[in-house]
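Let me begin by presenting the structure, written as structure tokens, before commenting on it.
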Amino acid sequence: MSDSTTIAGGELAEAKEAMVGEHAAHPAYQRHHFESVAQQFDATNFAMWIFLLTEVMFFGGLFTSYLVMRNWYYSAFVEGSHHLSIFWGTTNTAVLITSSFTMAMGVWCAQTRRKAALVLCLSLTFFLGLVFLCIKGIEWHGEWVDQHVPGLRFSQADFINPALDQDIYKEYHDRPLTGGMASKTEEYFFLYFAMTGMHALHMVVGIGILVFMLFRATKGAYTDGHFTFVENFGLYWHFVDIIWIFLFPLLYLVSRHA
Amino acid sequence: MNHISPILWQFLSRWLQHFPLFPPEASQLAAQSDALFFFLVLISLVGLTVVVLLIVGFSILYHRKRHPKAVQIEGSTLLETTWTIIPLGLFLVVFVWGALIYFRVYTPPENAMNIYVVGKQWMWKAEHPGGQHEIDALHIPAGVPIQLTLISQDVFHSFSIPAFRVKREVIPGRYTSVWFQPTQVGTYHLFCSQYCGTDHSQMIGSIYVMKPEDYRAWLQASTSGQSLAQDGERLFASLSCNACHNTRPDARGPNLVGVYGSQLTLANGETVTADEAYLRQAILDPAQHVTQGYAPIMPTYQGQVSEDGVIALVEYIRNLKTDYRLQQTLNTTEIPPQVEEKAGSTAGQKPTPSPEVKP
Amino acid sequence: MSATIVSLPDQSTARIPKLNFLSKENGLLSWLLTSDHKRIATLYLISITFFFFIGGALAALVRMELLTPQSDLMAADTYNKVFSMHGLIMVFFFLVPSIPATLGNFLMPMMVGAKDLALPKINLLSWYLYVLGGCLMIYTMCAGGVDTGWTFTTPLSTHYLNTNVVPAVLAVFVAGFSSILTGLNFIVTIHKMRCPGMTWFRLPLFVWSNYAASILMVLGTPVLAITLVLVGLERVVHIGVFDPAYGGDPLLFQHLFWFYSHPAVYIMILPGFGVISEVISTFSRKRVFGYTAVAFSSVAIAVFGFFVWAHHMFVMGISNYAALVFSLLTMLVAVPSAIKIFNWSFTLYKGSITFETPMLYSLGFMGLFTIGGMTGVFLGSTGTDIHLTETYFVVAHFHFVMVGGMLMAFLSGIHFWWPKWTGRMYPEKLSQFAAVTTYIGFNLTFFPQFILGMLGMPRRYAAYPPEFQVLNVFSTAGATVLGVGYLLPILYLTWSLKYGEIAGSNPWQATGLEWQVQSPPLTENFPEIPIMDHEAYDYEWLERQQAKEVASVG
Amino acid sequence: MADSHISNVHSEGNHVVSPKLYLGIFIALLCLTALTTAASYVELYVFNVVVALAIAVIKASLVVLFFMHVKYSPKLTKLTVLSGLFIFLGLMTLTLADYISRAWGRW
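Protein chains in written order, with my numbering: chain A, 3 to 260; chain B, 4 to 362; chain C, 42 to 595; chain D, 25 to 131.
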């Protein structure tokens, strides 16, 4: 592979060293029950992947519900989604992709032992994560103002009489929904909030861990050859990105012309 | 001892008097279902016997005292294939046999007599086409195929008649159906078998299978004065459905005469059969069920008509075979002429609450 | 030839090794902060036993209420709470974690030749989550209980009940994560922590079956988690996807719930299969007949097990075509279980069989599981399912599988590895008596329920028509015997902690790696990482090994 | 048999992907985001959904393969990803199969 090099860093060398004999000096970060650093890396990396599998299934339940409900209440889902802002959605997607990129770069910095760059990358990722959440907050606030928060503050007025919201009406010319169907838009917004909320919760957890990592990285952790934690956190962060990559078209885009 | 002895006494006397080991077979399907059941019992017994014989036999033959040194055996592809193929074959037979019965139970014949059942916490309400209502009881004639159209007003219930070997979940928001043909006159248990809250175990009743002539007599004795379809007609008029659904050429709604059972093309291009489930949906959620060529102007009746009311409307539409004006007396098959007369004479009055029939 | 294989060291000179995982550190904190898999397994064993006896007490209440046709011992709503709590506690706090979290935790690293599980801290976290979930469950119970049944059927659970649904849902949610973490840890350990020479086909079958169960835990449980989150949300904000009154579909809940809860029964039973394989092999001194078939049948169950869930919904108004597909797949998943039963039976062939307590439990398991499995086919076949589902036939079926199968296997395993765990033997005669008592009590309790089910008695009934009383009285009488059968082990096992005979490292002369180290083992399991140079269940290797030792000592 | 043990050390999990490639993928992802948003403004009838999901799948694959290093990971990781996908699709298709086939008959 031309675009990637096999590991050059010291990790392998140290791992081999650890293999030499039972009593060879282990690196400080090697946990006692592992035979070698490589085994430790492999095991924790694999564990992270298995954890991501559970996350796939966790969101899988939500996606299945969304699919079933969308088929049942097609027009409610279409007009409900017209009230989301494609501008903010696209911006947020770009923000999250950028944060994924900075995270990937962070892993590279850790692998190649660049402390300052690692701190920069992690800070950028942290910052972009916050930006994502802020934008999400702006959108949620908009929904609160428009009375589109299911269960807490919801009104079907916009769907029974779409002309009420002139901006959206001009763009989509939504037909009024009859009472039965208009009430189902609440179903759409319930799933919207459940899905984006679960996603945001994962972001919040991720940002929390990022703070912890930043704190440790400034003290020189992860750039001593032991980058497993950064690598595994990277997997988590990219996974959260992937969920959004699917949420974005499903919630914002696919209904534009329907 | 005081409180133990009554229990003991109760126990002994019950044992002596009444100790069933097998439920009565009181419907056509029961025998078919039981045939499969006994086939399964048979293969289970054979399987169990084989396993027990192997275990006991080997335990005796190869007990450490008799056989101190084990002989190591890897396995045997032949044997293992045998006990993969044989169970698989048997299970596939069971699958096909079971599927045949399943389809039979849930495919009502065309000529079945339809009775509506509403389940609610914690009672069953049956509505006969002739307008007879009963609570926690169901009177039916023997030898006639009977279809039940079931719906729940609140939570999941399950309509279970062990003697007929049939059971169907009663779901809120959707009609389900099941059918059977009782063969033996008698009284049988009706259970709610899906856990539905506090008084789940009180949601039981009786199925009275009667001779057809007894059934006719019962129908007469317990009539409420109007048939279910007439209830529906009343409701149809009071909700002003006929303002749009009429036979005039400029009617805003489709003509409902003969609509039941026909193929409809909807505004979105779909083709559907207008069965009970469709009619119910079309009343409660008209926006999704607009017939092609009509404007989606019908308001929803969700929350305005009870499930009982919807059933009456559906039954009315089901029986609309001629023009509305001619629909003075309804030709519901099971109502003897004098009942219809009586019903006709009360038409036009406010619907009186129908006396519920308690067995 | 003697009728036992037990070989204990000379009791006058034998001592429990001074240095072992139990004695290494003292004090409560050394237990609460431990990352030793054996100590965590011990913590799990204690907490699971605690919940088993709560669940058991609730079961006793259920049986007592059913002694008479009227609901006279308790009112209907109390009865509903009692059986709901019984189900919730037994399923989520006993059956699911039972074998994996106790025996699995204790044995897995030793069986693959590792010092610990791959993620020891996660393992401890898993126990804390279990305890947290357990506390929530206890809170639910103290706050007045919950009466949804363990299945949380919507819209009943989301709309119509005023009991503590949200705490119960939370408890199961948290316990679910505990189970996910255990499964995750096992998968990683089995893949990445095997000692040199330990190839996949040298693994003990206990490892294989736990591996299969772990896959189910990891992939199934999250779906339950999100489903319960949605149920909780629906209760709180009164809008959601499951209640038809709000526009949802209750069948969607059934789909998502059973997507976990059907594989969950395999999560419960598969580790039991593993125990049976070990025990049958050891007490017939013979390798398991058709090792590969038994190993792969576990994996086959795990894979097919995911795609049969809708057989719980045959009468619920799913499409008839879907019912067909799911019924067919159910028939397929029944086959691997049949393979296992026959392979175990043939393991006895030309063996050299003895009947110590673990073996008695295992043979009991085989008989009961055959009945439990076959009655599963009654329910998997769409035609008979219509009549039998939602009746006591179902109750009897899953108790045959779960109690007759899983619990028998659990007790078998506990007796089998007790000497390894504690270094002391349990009293043999008494425990054989307990095993036989359990067997008799079990059959008396649950066999009449098959007949009750065929007669049509629905499950979850506080009161029932009087003609069912005789069979119910039989069942309750059997439950009393069964109760004795379960109380005995807890008494004599506790007794044996102090007074049991010293077991030595390999009282059964079994071949597993765990038997080649001292009992109780060291914290690090092995003085040095072993090298696996023989197949699993190689009794000839063991004999050579022992001969070598005798020669070197001599 | 020490082979399996040694192979752990030669684990392929530690590939260093060059920043250039990361940058390339990043730009590709941004372009695809722009593309999917643009495509949603064009009337494509049923293909709006198809295009949107296809682009999402491509983006996700890029992230999984490169950002998450699956392209350079051992078979086990690839298998893990695929098995997750398989079970997820199983949940989805079999559930939907029920919903769709309900319309086939009167049940």
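Note that the Cβ used here is the ideal one computed from N, Cα and C, for glycine as well.
Check, Outcome
"A/Q149 classed as buried or exposed, judged by whether at least 16 other C-beta atoms fall within 10 angstroms", "exposed"
"C/H279 versus C/A341: straight-line alpha-carbon distance, rounded", "41 Å"
"B/H136 - partner residues in DSSP beta bridges", "B/E130"
"C-alpha gap between A/V151 and C/I412, whole angstroms", "53 Å"
"Cutoff 8 Å: C/I267 Cβ touching any chain A Cβ", "yes"
"Euclidean distance between Cα positions of B/R171 and B/S180", "7 Å"
"Short-range partners of chain D found in the stretch 324-356 of chain C, where Cβ spacing is below 7 Å", "F347, F348, A351"
"Neighbour list for C/F567 in chain D, Cβ cutoff strictly below 9 Å", "Those do not exist, as C/F567 stays about 15 Å from chain D at its closest Cβ, beyond 9 Å."
"Straight-line gap, A/W146 to C/R235 (C-alpha atoms, nearest Å)", "54 Å"
"B/Q150, DSSP secondary structure in three states", "strand"
"Candidates B/I143, B/N322, B/S225: closest to B/I164 by CA position", "B/I143"
"CB contact check: B/T303 to chain A, cutoff 8 Å", "yes"
"Residue of C/V132, C/E555, C/E569 minimising C-alpha distance to C/K461", "C/E555"
"Cβ contact check for the stretch 253-264 of chain B and the stretch 276-291 of chain B: 3 or more pairs under 8 Å", "yes"
"Chain C within 8 Å of B/F40, Cβ atoms only", "yes"
"A/H25 at chain C interface by Cβ criterion, 8 Å", "Its pLDDT being 46, under 50, A/H25 is placed unreliably by the model, and the measurement read from it follows with that caveat. Output row for A/H25: interface = no."
"Inter-residue spacing [alpha-carbon to alpha-carbon] between B/L231 and B/Y178", "17 Å"
"Secondary structure, alpha helix (DSSP H): runs of 4+ residues fully inside the stretch 68-100 of chain A", "76-84"
"Cβ pair count under 8 Å reaching 3, the stretch 87-99 of chain B against the stretch 131-139 of chain B", "no"
"Proximity winner among C/L165, C/L274, C/Y120, C/I455, relative to C/L74 (alpha-carbon distances)", "C/L165"
"Reference B/V147; option with closest CA among B/W182, B/V173, B/Y105, B/G122", "B/W182"
"Pair within 8 Å by beta-carbon distance, C/G346 and C/Y307", "yes"
"Counted within 10 angstroms of its Cβ, other Cβ atoms place C/N484 as buried (16 or more) or exposed", "buried"
"Spatial neighbours of C/A334 in its chain, beta-carbon cut-off 7 Å, leaving aside the 5 residues before and after", "I380, N384"
"Beta-carbon gap between B/Q75 and C/K589 smaller than 8 Å", "no"
"Neighbour flag for D/L106 against chain E, beta carbons, 8 Å", "Included in the structure are the protein chains A, B, C and D, with no chain E among them."
"Anticipated Cβ contact below 8 Å, C/G494 with C/G519, distance rounded", "About 16 Å; that fails the 8 Å criterion."
"CA-to-CA distance, C/N205 to C/A184, given in whole angstroms", "7 Å"
"Chain-ordered neighbours of D/A121 on chain C, where CB pairs are closer than 9 Å", "S360, Y362, A363, V366"
"Residue-chain proximity (B/G252, chain A), Cβ-Cβ < 8 Å", "One detail in the question is off: residue 252 of chain B reads as Pro in this sequence, not Gly. So, not an interface residue."
"is_contact[D/N32, chain A] using C-beta, thresh 8 Å", "Because D/N32 sits at a pLDDT of 36, beneath the cut-off of 50, its placement in the model cannot be relied upon, and the point is left open."
"Neighbour list for C/L244 in chain D, Cβ cutoff strictly below 7 Å", "Those do not exist, as C/L244 stays about 12 Å from chain D at its closest Cβ, beyond 7 Å."
"Chain A contacts made by the stretch 284-300 of chain B, where a contact means CB separation under 9 Å", "L287, D288, P289, A290, Q291, P299, I300"
"Contacts of A/G82 in chain C (Cβ-Cβ under 9 Å)", "Ordered by position in chain C, no residue passes the 9 Å Cβ test against A/G82, which lies about 12 Å from the chain."
"Sequence-distant residues of its chain with Cβ nearer than 6 Å to B/S8 (five each side left out)", "none"
"Status (buried if at least 16 other CB within 10 Å, exposed otherwise) for D/L68", "exposed"
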